[in-house]
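Encoded as C-alpha cells, the structure appears first; notes follow it.
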Amino acid sequence: MNAQLDPPARVRLPLNWSHSFHALGPRFYTPWTPQPLPAPYPVAHSADVATQLGLEADWLASDELTQAFCGNQPILGTQPLASVYSGHQFGQWAGQLGDGRAILLGEANGLEVQLKGSGRTPYSRMGDGRAVLRSSIREFLCSEAMHALGVPTTRALCVIGSDQPVRRETLETAAVVTRVASSFIRFGHFEHFAARGQVLELRLLADYVIDRHYPQCRQATSGLDNAYAALLQEVTARTAQMIAHWQAVGFCHGVMNTDNMSILGLTLDYGPFGFLDAYHPAHICNHSDPQGRYAFDAQPDIAHWNLYALAQALLPLIESQGMAVQILDRFKPVFGQYYRRMMCAKLGLPDAPAAAVDALIDDLLTLMARDRVDYPIFWRQLSHARVQNHYAPVRDLFIERLAWDAWLLRYQQHIVQTEQGPEADLMLKVNPKFVLRNYLCEEAIEAAQHKDFSVVQRLLSVVTHPFDEHPQAQTWAGFPPDWASRIEVSCSS
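In this note's numbering, each residue carries its 1-based index in the sequence shown increased by 33.
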C-alpha cells in the first residue's frame, strides 16, 4: 500500500460500510489510499444522492465531509482500493488498464462509493491520477442530468476542488468527484482475466456479479441452462436499453471503449460527452476521435461490438460459441424495440411495431438532419404544439417547410388513426425543456474557476428537473450561442 508518514485521524461518517468487492481478493485490486489534496473546498453536491446513501443534509456542508471525500482523511470503516482491468480502446487491444485515477472506498447502503481524481494508483500508467475541476464538474452535472432524464447512469455525490495545479493541455486546478453506483465493474474486468487465461478468476468475478446483481441468471426463468450465458443475455439487454436511451435523448458518449462499458448497463465515465444541438447523426463529440469511431449514429454498432468483446471474454464459461452468438444477435432487435418505444413516446403515439411508425420516425430524422434542426428544442416545441394543436412554431424550425408540411400531415393522420389522446399530455414529461448542453457546462466551469460555484448549483437544480418550466432559467432552454459550436472536448475532458 502507498505509504503516508503520519496517518491522519479517521473521519467517522454516518454510513455503514461493507466490502463485497474487497472480498474477491488481491488478484482483483491493489489496496491503495487516496493522495491528500491541499486546501480543499466544496464546489457542488447532490442532496438526492446524499439521501440515497443515507447522509443527512447537514453533513454535505461539513468540513469533515470535505476532508474525507477529497482523500485528506481516511474514513472509518472504508477499505480503499484500486481495481485492475484491461480493455479495447478505439478498437485496439490496450492490455492492462485499471483504476488509474479512481479509488473505491467500499459500499454504503448497497452502493459503491468511489473517489475519482484522488491521485496516482498502480494502474495510472503515465497519468498523474488527478482530475481537474473542469472534467469533475462536467461528470458531476451530467451524471445527475442523465439520471433525471431516466437514463441508466452512475451518480455523483459531490465535487471537492483545490488550487493545486494540474497539467492538461493547459495548466488547470485539481478536483475530486465522489461518484456512486451499484457497481463500477466494466466489460474490461472480464477481458483482463480472459486475456491472461485466468479462468478461475474469471469464474469468480462472473459468480460475484451474478450473485450480487443478476441472481435470476441461476433460475430456470432465464431460459438458459448456463448461468454465464444468461449473464451475457442480461447485459446485452441492459446495454441495448441504455443505448436506446442515448439515441432518443440525443446523447453522445464520445469514448465507448470496453473499459468504459458497465456490466450493469449504466452510462459510465463522462469525458468528452455532448448532447446534440443541431441534429447531425454523424456528429463527433470527441476531438480525439477524428475518424468518428464513436460518432452519435455509430453508438449502437459500437455497443454491439463491445458486447462481442465481452462474449469472447466469457466464452470459457459459456462453453458454446453458437450460444453466445445467438445471444448477441438479439442486441439489434432489443435495441430497436426500446428505441421505437421511446421515439413513439416522444411523438405522443402508442408504441406499435408497425412499419408506418418506423417510416414516420426515420423520415422525421432525415428532415431534421437535412435542415440541422435543434434536437431538444424541436421535441419540446412539438410537445407544446401537439397539446395546443398549433404547429406554426415547429414549422419555423425548418428550412424545407413544404417537406415538413408533408410529414406533419402524415403525423396528424397517424394521430387520428390511433385515436389516442392522453399521450399528448405525456409528451411534456418525455421531451425535456432543458438538457446539459456543452456551453452550459462551460459557463458553469468558468464561474467555478473564479470561485463562484452558484452557477453549478443552479444549473444542477434545472437539469435535475428537466421537464419543468423553470421560467427563471428560460435562456438555458433557448438556442445555443454562436460560440457554442467552437467548443472542443477531448479524452482529457
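By construction, the Cβ of each residue, glycine as well, lies at the ideal position given by its N, Cα and C atoms.
The continuous stretches of beta strand (DSSP E) do not include valine 184, and DSSP gives it neither H nor E. In the three-state scheme derived from DSSP, where H, G and I count as helix and E and B as strand, tryptophan 126 is classed as strand. With respect to the C-alpha of glutamine 197, the residue from Phe284, Cys103 and Ser119 having the closest C-alpha is Cys103.
Contact between isoleucine 170 and alanine 481 is confirmed by a C-beta separation of about 6 Å, below the 8 Å threshold. For threonine 63, the pairing in a beta bridge is given by DSSP as Ala115. Here the region 342 to 358 does not lie against the region 402 to 421, with fewer than 3 beta-carbon pairs under 8 Å apart.
Its chain contains Ser215, Ser216, Ile296 and Leu297 as the residues whose beta carbon lies nearer than 8 Å to that of histidine 246, once the 5 sequence neighbours on both sides are disregarded; these appear in chain order. As summarised for the region 190 to 260, the continuous beta strand (DSSP E) elements at least 3 residues long and confined to that stretch are 204 to 214, given in chain order. The straight-line gap separating the alpha-carbon atoms of valine 76 and proline 504 is approximately 25 Å. Annotation note: the region 397 to 474 contains the following uninterrupted alpha helix (DSSP H) runs of length 4 or greater, listed N- to C-terminal: 408 to 421, 425 to 428, 434 to 451 and 455 to 459. Taking the CA atoms as reference points, glycine 143 sits about 20 Å from phenylalanine 173. In this structure, leucine 238 places its C-beta atom within 9 Å of the C-beta atom of phenylalanine 61. Residue Ile193 holds the alpha-carbon nearest to the alpha-carbon of aspartate 96 among Ile193, Gln85, Phe54 and Val82.
By the 16-neighbour rule on beta-carbons within 10 angstroms, threonine 211 is buried. Approximately 6 Å separates the beta-carbon atoms of lysine 149 and alanine 164; this is inside 8 Å, confirming the contact. Isoleucine 432 and arginine 236 have their C-alpha atoms some 57 Å from each other. The C-alpha of aspartate 362 lies about 10 Å from the C-alpha of methionine 356.
Pairing serine 416 with aspartate 292 gives a Cβ-Cβ distance that is not under 9 Å. Taking C-alpha positions only, methionine 179 is separated from glutamine 231 by approximately 36 Å. By DSSP's assignment, isoleucine 108 forms a beta bridge with Val44. By the Cβ rule, the region 505 to 512 counts as touching the region 464 to 484, because three or more pairs are nearer than 8 Å. Around the CB of serine 518, fewer than 16 other CB atoms lie within 10 Å, so the residue is classed as exposed. When the beta-carbon positions are compared, isoleucine 520 and tyrosine 472 come within less than 9 Å of each other.
For lysine 379, there is no enclosing beta strand (DSSP E); the residue is found in the alpha helix (DSSP H) stretching over 364 to 380. A distance below 9 Å separates the beta carbons of tyrosine 408 and glycine 283. Taking a contact as a CB-CB distance under 8 Å, the pair cysteine 191 and histidine 78 counts as one, their CB atoms being some 4 Å apart. In the DSSP annotation of this structure, the continuous segment of the alpha helix (DSSP H) that includes alanine 83 starts and ends at 80 to 86. The alpha-carbon separation between glutamine 274 and leucine 48 amounts to approximately 32 Å.
Per DSSP, the beta bridge partners of asparagine 319 are Val522. The region 282 to 338 is shown to contain no whole beta strand (DSSP E) run of 3 or more residues.
According to the DSSP assignment, glutamine 505 belongs to no alpha helix (DSSP H), since it is labelled neither H nor E.
Here methionine 375 is buried. Its C-beta has 16 or more other C-beta atoms within 10 Å.
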